[in-house]
Amino acid sequence: MTNDAPHSVLPAECPMHARTAAAKADFAPRAGKCPVDHGSAAATAPSAPSPAGKCPVDHASMAASAASSAAKCPVNHGGNAELNPLNNMPDLAQTRQPDQTVDLPTERVSSSIPNGDGDAWVYPSPQQFYNALRRKGWETPEGEIEVMVDIHNHLNEEAWREILKWEAMHKDECKNARLLRLRGRPNDLSPKAWFAGWYHGSPRPFDRHDWFVDRCGKQVRYVIDYYSGPDEGDTPVFFLDVRPAVDSPTAAFDRMRAAFREWWSGSASGSPSS
């Protein structure tokens, strides 16, 4: 396991890249709550160079220019909107917009990510997603919403898979980690991302999430930095750097163990054969 998650290749028709090919991320069954915290009603687009915190998808001004679009999820991750007291999530409207010309599905897709109640988080429907975009004043082609939802969900699934790799270090004490909540922090540069930019001249991540995981009674925070990579042909690529936040001795030790394993693996693969 490395600190830098394997890259995630997204569907070729990502609206952010103005593709027209037809392919969709297909990873989750249908049905219960969304790991994306749909908190506040107001948000401004991050100044990162490329595409989603609040969601790793470039949702803003796609018609104007993909390169200049900001990558924020319309479903905001951490504020003070009206929340459903049953699940601490906002009641996102399923109502069709008055001037809407395309019928969008209202079915929600169940993720593979368990929540604190033992159920699975459920993603917003395309109609809810579109309503959130409109609420923030983002003009988005209605025909691209379903693809954007697929990308949004796909990247969340990818992030959870990387978290489970870290959690495997603690499988003896906990075999059923759960996601309690997440917080989008697109304007807060993580220490690792800051150092990479300062020392290596690396590009800034376009987004950041903090995910709070329940490790069988112990709350653990993970930091996720989202980067865009060079397209593979017509397919846009994102990289997720997922790691535990260094806010406890255990987390620091996990990071050191992972770094040593990465170094050892690279050293072994580069050793001359006898």
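Number 199 in full-length UniProt numbering belongs to position 199 of the sequence shown; there are no gaps in the numbering. C-beta atoms are modelled at their ideal positions from N, C-alpha and C, and glycine is treated no differently. Only a predicted model underlies this, so the values are computations on that prediction, with no experimental measurement involved.
Around the C-beta of residue i, are 16 or more other C-beta atoms found within 10 angstroms, so that it is buried, or is it exposed?
| i | result |
| --- | --- |
| A196 | buried |
| D99 | exposed |
| C55 | In this prediction, C55 has a pLDDT of 41, which is less than 50 and means its spatial position is unreliable; what the coordinates show is noted afterwards. It is buried - the Cβ of C55 has at least 16 other Cβ atoms within 10 Å. |
| S265 | exposed |
| Y222 | buried |
| F260 | exposed |
| P205 | buried |
| residue 276 | In the structure displayed, the chain extends from 1 to 274; residue 276 sits before or after that span and is not available. |
Could you give the C-beta distance for residue i and residue j, rounded to a whole number, given that I count them as a contact under 8 Å?
| i | j | result |
| --- | --- | --- |
| F238 | Y227 | 7 Å |
| P124 | L92 | 6 Å |
| H209 | G184 | 6 Å |
| E157 | S111 | 7 Å |
| P126 | E144 | About 10 Å; that fails the 8 Å criterion. |
| R257 | M169 | 7 Å |
Go to residue i, then tell me how far its beta strand (DSSP E) extends in each direction, as first and last residue.
| i | result |
| --- | --- |
| Y222 | 218-232 |
| W138 | Looking at the DSSP string, W138 is not in any beta strand (DSSP E), and its letter there is neither H nor E. |
| P236 | 235-244 |
| H170 | Here H170 belongs to no beta strand (DSSP E), and DSSP marks it neither H nor E. |
| R181 | 178-184 |
| R208 | 207-215 |
| V122 | 120-122 |
| S125 | It is not in any beta strand (DSSP E) - S125 carries neither H nor E in the DSSP assignment. |
| S111 | 110-114 |
So the alpha helix (DSSP H) residue i belongs to, where does it begin and stop?
| i | result |
| --- | --- |
| H152 | 145-167 |
| A196 | 191-200 |
Taking three-plus beta-carbon pairs below 8 Å as touching, is the segment 172-186 in contact with the segment 100-120?
Cβ pair count under 8 Å is three or more, so yes.
Count the CB pairs spanning the segment 124-136 and the segment 218-235 that are closer than 8 Å, and state whether there are at least three.
no
Are the segment 235-250 and the segment 155-172 touching by the rule of at least three beta carbon pairs closer than 8 Å?
yes
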